[in-house]
Each structure stands twice: as structure tokens, then as C-alpha cells.
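Asker:
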Amino acid sequence: MNTNYYIGIDLGGSHAAIGLVDDSGNIIAESTLKTQEYKEAADFVEATANAIETLLLSNNIGKNLKGIGIGAPNGNFFNGSIENAPNLPWKGFVPLADMLEKRLNLCPVKLTNDANAAAIGELKFGIAKTEGIRDFIMITLGTGLGSGVVVDGKLVYGHDGFAGELGHSLVSMNGGRLCKCGRQGCLERYASATGLAISAEEALEKSENSMLLAKKGNLSAFDVAEAALAGDKLALKVFDDTAKVLAFVLANATTVTSPAAFIFFGGLANAGELLLSPLRSYFDQYISTVYSGKVRMILSSIPKNHAAVLGAAALVIEH
Ligand SMILES: [Zn+2]
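As numbered in our numbering, residues 757 to 1075 make up the sequence shown, in order.
1. From S770 to E1029, what distance separates their C-alpha atoms?
2. Would H1075 be called buried (16 or more neighbouring beta carbons within 10 Å of its own) or exposed?
3. Who are the near neighbours of T791 in its chain, counting only those whose CB is closer than 8 Å to its CB and skipping five residues on each side?
4. Answer with buried or exposed for D979, where buried requires no fewer than 16 other C-beta atoms within 10 angstroms of its C-beta.
5. Counting C-beta neighbours from all protein chains within 10 Å, is the total for Y762 16 or more, i.e. buried, or is it exposed?
6. Just list the beta strand (DSSP E) runs in the region 867-911, keeping only unbroken ones of 3 residues or longer that don't cross its boundaries, in chain order.
7. Please find out if some non-hydrogen atom of ligand 1 comes closer than 7 Å to the beta-carbon of C935.
8. As a quick exercise: from D778, G836 and V850, pick the residue whose alpha carbon is nearest that of P842.
9. Is it buried or exposed, I784, if we count other Cβ atoms within 10 angstroms and call 16 or more buried?
10. Grab the span of the alpha helix (DSSP H) containing K989 for me, first residue to last.
11. Using a Cβ distance threshold of 8 Å, determine whether the region 921-933 contacts the region 1013-1024, with at least three qualifying pairs required.
12. Sort out for me which residues DSSP pairs M1053 with in a bridge.
13. What is the C-beta distance between V1051 and T1010, in whole angstroms, given that I count them as a contact (C-beta under 8 Å)?
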């Protein structure tokens, strides 16, 4: 029996990972592009098509490529387009799936939001599959905060394709940090690698006693995690505050879909218990008793960036 092959693309603000995937979710080969090098979407499509053709040739895939899936920021599954993505070089409305499909003329191309792709990756190949979790919310903690909502084994898209944007839940009724979406007080400006670093900088303004003072003005989330692991009180407090605001939104989200788990993935999720431990504790405080003890906070079981690559591929494996 012939194995079918698929391409999964995780398109991010800095890199695009292109994976050649088989039916069982094994990544056979990979290639990476630097997104910011392509000032026009058409140039990116050309480079991606070339990378895919090279992957197919060097792995002898021939006619067995059955589909291409893309996970992209502000990606809309319904029309295969990226709509006003603040972290990408191409502004406005970009019909990326159509452009790539026409250029390659090999197979169907589908596109969805990057966090949705990660959720589908967990559902088909990750911890949600191995543990039989059919109701969960995927939270990707990177530069921003993405989320994908799965109900009864299906991703929720909403009427326009933009369901599950917890990163743009408001956490303040009175302003707050300015978000790239144009509003103030969105969750992702607090609970993300970027938000954590901003919180640490703000805390340093009022402190004279932290090992982070040496890096003041130039802090990364990684620096804050390192200091917290070394017992730095300010860094620990920043993690605690971040967990608190995130727990607040997750407790509210729980009342909408009653998930069995929140699954975390992305750079800041690598902080693991540093974030999850205070998160569970605040979540228990905020949650209504009907949900008590029923919602797990767990990490993705798919290594590195592969949840989104596999999820993007699963878009076309499914169809
Ligand atoms: Zn926002």
C-alpha cells in the first residue's frame, strides 16, 4: 500500500517551518524559511513552493503528496487567507492558500490560525489523542498568546473563523497596556513572553533588590525565568502576577466550554511549573465549584515546534 504524504507549514513572525509528514504524523523531513526576508507575500509563496519541491524531490515523493496545510497568525480557515497579521511583513488581506495552490498546482492547500493548528496537532497526534481528551483549550504562549478551542473532538471556528482568541480577552475595564489589535488591556500584553518581560521591567522601576537589575531595559522572558529558578523574589512575583491574570481568563473560559484540560505550548510554556503551579492555585480560587478538580493544566506532549506543523498537516489529512 502506498503511503500518502502531506506538507504542514507553521508560519510564524520570524520563521516558517515546513514539514513533510506521513499519514501517521511522522515528520520525514523539514525545511525552514526566514519570514521577514520576504517583503512581498508573492516572494514568500515562491520560496515556499521551491522548498516544497526540493523536499518532494529529495524524498522521492512523486505523486503521493495529497495536501498542504498552513497554520498562520490571523489565518482564516474559511477563506484560506491571512487577515491583517501584525507580526508578518505583509499587510492587509493575503489569500495565501490560493496563491500557493496555484503556484504549485499539485494538491489542495488549506490554512488556519496558528494556535488552531497547534490544537489540531494535539488532537490528532499529541496528549489529547493519547489521553482521549475531546474537550480542551490549547494555549500557545510565545510572543503573544494564541488559543484554539476544541469541543467534542472538533475545533470551534465560530461564524467568521475567528473563534478562540483568548489572547484578546480584556483583563481590565479601565485601559491597560496597548495591544497590537488597537485596544488596551488585552490578556496577551500580560500573559506571554513579551508581557512577562514588560511586567518585570515595570517591577524593576520600584525595586532596588533583584538580580535582574543588571539587565534592566533589556530583559527577556528567559532572563526572568532564570532569575525565578534561582529564587529571585521579584522574578517569582512577576510569574505569580502573570499566572494570576491568566488564571482569571481561563476560569472565565471554563464557564463557556467546560474543558477537561488546558494544554500549553510555546516558549513561555517551557517555564513549566514556574507558571503552572501558581496558575493552578489561582485557577482553583477563581473557578466556580461545579468545575473544581475537573480541569487539568498540562503541557503539550509534541516536541519543540512540531505541534503546529503536524496540526497544519492534519488540516489536509482530515479532509
Ligand atoms: Zn488585543
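Beta carbons: idealized from backbone N, C-alpha and C, even for Gly. Owing to the predicted nature of the structure, the values given are computational and were not obtained by experimental measurement.
Answerer: Considering the structure as presented:
1. 27 Å
2. With a pLDDT of 49 at H1075, under the threshold of 50, the modelled position of that residue is not reliable, and no figure is offered here.
3. L767, G768, G769, S770, H771, A772, F800, L844 and P845
4. buried
5. buried
6. 892-897 and 901-907
7. yes
8. Comparing Cα-Cα distances from P842 to each of D778, G836 and V850, the minimum goes to V850.
9. exposed
10. K989 to T1013
11. no
12. Beta-bridge annotation (DSSP): M1053 is paired with F1018.
13. 6 Å
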